[in-house]
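Q: Under the working numbering, the first residue of the sequence shown is numbered 7, with each subsequent residue one higher. Don't be surprised by glycine CBs; every beta carbon is placed ideally from N, CA and C. Here the structure is a predicted model, which means the values were calculated and not measured. Input: one structure, supplied below.
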Amino acid sequence: MSLLSLATVAKHFANGVEALRDLSFDLAAGEFVSLLGPSGCGKSTALRLIAGLLPPDGGMIGWPHGKPPIGFVFQDATLMPWTDALTNVRLPLDLQHVPRKAGNERAAVALARVGLSDFAHAYPRELSGGMKMRVSIARALVARPRLLLLDEPFAALDEPSRAALNDDLLRLWREDDLTVIFVTHSVSESAYLSSRVLVMTPRPGRIAADIALPSGPRTRLSAEFLEIERRIAAALPSADSAA
Ligand code: ADP
Ligand code: MG
Numbered sequence: 007m008s009l010l011s012l013a014t015v016a017k018h019f020a021n022g023v024e025a026l027r028d029l030s031f032d033l034a035a036g037e038f039v040s041l042l043g044p045s046g047c048g049k050s051t052a053l054r055l056i057a058g059l060l061p062p063d064g065g066m067i068g069w070p071h072g073k074p075p076i077g078f079v080f081q082d083a084t085l086m087p088w089t090d091a092l093t094n095v096r097l098p099l100d101l102q103h104v105p106r107k108a109g110n111e112r113a114a115v116a117l118a119r120v121g122l123s124d125f126a127h128a129y130p131r132e133l134s135g136g137m138k139m140r141v142s143i144a145r146a147l148v149a150r151p152r153l154l155l156l157d158e159p160f161a162a163l164d165e166p167s168r169a170a171l172n173d174d175l176l177r178l179w180r181e182d183d184l185t186v187i188f189v190t191h192s193v194s195e196s197a198y199l200s201s202r203v204l205v206m207t208p209r210p211g212r213i214a215a216d217i218a219l220p221s222g223p224r225t226r227l228s229a230e231f232l233e234i235e236r237r238i239a240a241a242l243p244s245a246d247s248a249a
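In structure tokens:
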């Protein structure tokens, strides 16, 4: 079942930068798709267009079965520093006028699902980078999205935190039967997480390769995993063609 369809989507900015040209792909419900490409190729722009935070200036973004509720996880955790983790997670429910008590209960469940039950009343400054990102994921999930968009969420984390969050994200994807679009510039991360990798060209971004992967779970450094990495890396446009 097609959830989302992008057809020849284009985006220019007022400063003359052409971020996207002819960006086309279809997404089925339940996929875990990585959008992989070099810095500046238009990945964040594509995600913001899909979320409806920016309008395209050419092409079509279609939702054949209606636009689902969307959760967005930004590259920085973007938490409110003046209040605790629970209140940060409750924010989308407050904006929907969900009563405080029900909101607190749902926020507590969301925090438990990312392993932060003991930190509900901690302030962002008391949390590590990985924990802040967990709060950010809980905040994106609390309103029960069907489509989760993540923009390089783990790029700033140390390797062990990143690996742990990769596994937690896969668990949440399966538990909630979510559809995920995951922006990354890491071949290894896209190989580990995805059921499909969309490789983008340098700017103006469009799809250079569409790689369907065998279903996981994967074992890092296994022969199968290294072969998947090799396939993805081989599809990346070379740095020379970007120049
Ligand atoms: P990526 O996420 O792949 O690194 P972006 O989508 O952020 O790339 O940006 C694509 C291009 O568009 C870049 O050259 C960037 O500088 C430019 N760009 C992004 N947002 C804006 C904006 N609001 N105004 C002008 N240029 C922008
Ligand atoms: Mg970006």
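Distance, Cα to Cα, residue 112 vs residue 243?
A: Taking the straight line joining both Cα atoms gives about 44 Å.
Q: How about residue 194 and residue 219: do their beta carbons lie closer than 8 Å?
A: Contact flag unset, no.
Q: How many angstroms separate the CA atom of residue 241 from the CA atom of residue 233?
A: Distance between the alpha carbons of residue 241 and residue 233: 13 Å.
Q: Could you spell out where the alpha helix (DSSP H) holding residue 119 opens and where it closes?
A: 106-119 is the extent of the alpha helix (DSSP H) around residue 119.
Q: Please find out if some non-hydrogen atom of the ligand MG comes closer than 7 Å to the beta-carbon of residue 157.
A: At least one heavy atom of the ligand MG is nearer than 7 Å to the Cβ of residue 157, so yes.
Q: Let me know if residue 26 comes out buried or exposed under the rule of 16 or more other beta-carbons within 10 Å of its beta-carbon.
A: Flag for residue 26 reads buried.
Q: Tell me the rounded alpha-carbon separation between residue 12 and residue 65.
A: Distance between the alpha carbons of residue 12 and residue 65 is about 8 Å.
Q: In whole angstroms, what separates the C-alpha of residue 197 from that of residue 165?
A: Approximately 15 Å, taken between the alpha carbons.
Q: Near residue 239, which residues of its chain fall below 6 Å by C-beta distance, leaving aside the five closest residues on each side in sequence?
A: So the list reads 193, once near-sequence residues are dropped.
Q: Whole angstroms is fine: what's the gap from residue 189's alpha carbon to residue 70's?
A: The straight-line gap from Cα to Cα measures roughly 23 Å.
Q: Taking the C-alpha atoms as reference points, what is the distance between residue 31 and residue 133?
A: If I take the Cα positions, the gap works out to 38 Å.
Q: What did DSSP end up calling residue 66 once you bin it into helix, strand or coil?
A: In this structure, residue 66 counts as strand in the three-state DSSP scheme.
Q: In whole angstroms, give me the CA-to-CA distance for residue 15 and residue 173.
A: One C-alpha to the other measures close to 32 Å.
Q: Where does residue 100 land, buried or exposed, given buried means 16+ other C-beta within 10 angstroms?
A: Flag for residue 100 reads exposed.
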